[in-house]
Amino acid sequence: MNRKTSNNKSSISRPKNSKTAPFDIYRLLRWDEIPPFMRDNSFIKTGYRQPIASFKYCFSSLFFIHNETVNIYSHLIGALVFFALMFTTKALLVQTTPSASSTDILFTYIFLAGAVSCLLMSSIYHTTKCHSENVSKLLNKCDYIGITLLIVTSCFPIIFYAFRCNSSLQLSYIILLSALGTFASFISIYPTFATPKYRKFRALVFVLLGVSAVVPISHSIILFGATHTFHSTQLAYILPMAAFYILGAFLYACRLPESLFPGKFDIWFHSHQIFHFFVLIAALFHYHGVIKALNWAHLNAPTCSNFPTTNF
């Protein structure tokens, strides 16, 4: 017990001969001072919090600047924004689209719930990743599951409005995307693939999961034409959403810009922060796209009796 306590003290590099020195909560560490479980990006040289198994310390770090501050607040504020949208969206739809059904609202709220879950789990993970190795690994898995939830639940409204007159295709694609999401979650949380070595592989898995939405969109184009699909899925919003996700994943995987200038982006503007902002921007694009798709389906789309039928 005493040996473990001694190791914890050394891991935060307290000054020698300072038994009575007060604990400095604001002290930040360099890369060479942190334990292996906190080492994710060697191009971030400074600004690390102390590895202390205390949730009080972790959450107190919300009130001073370190290299996780932007990661924490970008998605914490984002989670609050999407949580607020869960209270305002229904009232908005009642005003703009009185004919919106409970199913329309359900698919909209499935996406909102996925966004809140992803952003909140991300913020909690970045807040507590300095707690201990076990806590860091557990919440890192939750973070990856949250990313998967956001991607999959983002695809659900696309599928719903692309095939709103063909429930069998809706169900088939929803099951397929759910299965792919489950597989992506397994890959991302499997211990072997959860290490920094497989950063690019994890990014590729998430990109491929998101790109899988191309299949139902392409199917819709074949069945109903490009013009109809452009409106029914609101590609004007989906395309920039996809661009932000892919570019963010690329920067995250390649650790740009900090890999070009090690130590220069420790606190501000490193790749993970940019990735966080791009995820948030992409999710906001998608939210507006979902609302536009719902409006178009009820106010401008042809009735289901005028849709072409298919046997596949």
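Mapping of the sequence shown onto my numbering: residues 18 to 329, in sequence order.
All residues carry an ideal CB built from backbone N, CA and C; glycine is no exception.
- Segment contact: the segment 234-247 against the segment 291-308, fewer than three CB-CB distances shorter than 8 Å; contact not assigned.
- Take the alpha-carbon of residue 252 and the one of residue 52: they are about 45 Å apart.
- Note on geometry: alpha-carbon atoms of residue 107 and residue 131 lie some 17 Å from one another.
- Secondary structure within the segment 228-272: not one fully enclosed beta strand (DSSP E) run of 3 or more consecutive residues is present.
- Between the segment 148-159 and the segment 60-77 there are three or more C-beta pairs closer than 8 Å, enough to call the two in contact.
- The residues 216, 217, 220, in chain order, have a CB closer than 7 Å to that of residue 270 in the same chain once the five nearest residues on each side in sequence are set aside.
- Burial check for residue 233: the Cβ neighbour count within 10 Å reaches 16 or more, so the residue is buried.
- Taking C-beta atoms as the reference points, residue 230 and residue 175 count as a pair closer than 7 Å.
- Taking the CA atoms as reference points, residue 60 sits about 32 Å from residue 256.
- Around residue 310, the same chain offers 174, 178, 249, 250, 251 as residues with beta carbons nearer than 7 Å, after the five sequence neighbours per side are excluded.
- For the pair residue 273 and residue 140, the Cα-to-Cα distance works out to about 21 Å.
- Beta-bridge pairing by DSSP links residue 90 to no other residue.
- In this chain, the alpha helix (DSSP H) harbouring residue 138 covers 119-145.
- In the three-state DSSP reduction, residue 46 falls in the strand class (E or B).
- In the displayed model, residue 74 falls within a helix according to three-state DSSP.
- Each residue's CA atom was taken as its position, placing residue 44 and residue 119 some 52 Å apart.
- Partner residues in the beta bridge of residue 65, as assigned by DSSP, are 46.
- Of all alpha-carbon atoms in 80, 115, 92, 266, the one lying nearest the alpha-carbon of residue 312 is that of 115.
- The beta carbons of residue 226 and residue 168 sit closer together than 7 Å.
- Residue nearest to residue 245 within the set 136, 223, 319 is 319 (criterion: CA-CA distance).
- Contact between residue 135 and residue 163 holds: their C-beta atoms lie close to 4 Å from each other, under 8 Å.
- By the neighbour-count criterion, in which 16 or more other beta carbons inside 10 Å mark a residue as buried, residue 185 falls on the exposed side.
- Between residue 206 and residue 154, the C-beta gap is not smaller than 7 Å, which leaves the two residues out of contact.
- From the listed residues 67, 194, 63, the smallest Cα separation to residue 40 is found for 67.
- Burial state of residue 170 is buried, judged by a 10 Å Cβ sphere holding 16 or more other Cβ atoms.
- Taking all protein chains shown into account, residue 306 has 16 or more neighbouring C-beta atoms within 10 Å of its C-beta and is therefore buried.
- The alpha-carbon of residue 201 is positioned some 10 Å away from that of residue 166.
- Distance between residue 198 and residue 85, taken at the CA atoms: about 27 Å.
- Going by beta carbons, residue 266 and residue 224 fall inside the 7 Å limit.
- Linking residue 128 to residue 213 through their CA atoms gives a straight-line distance of about 29 Å.
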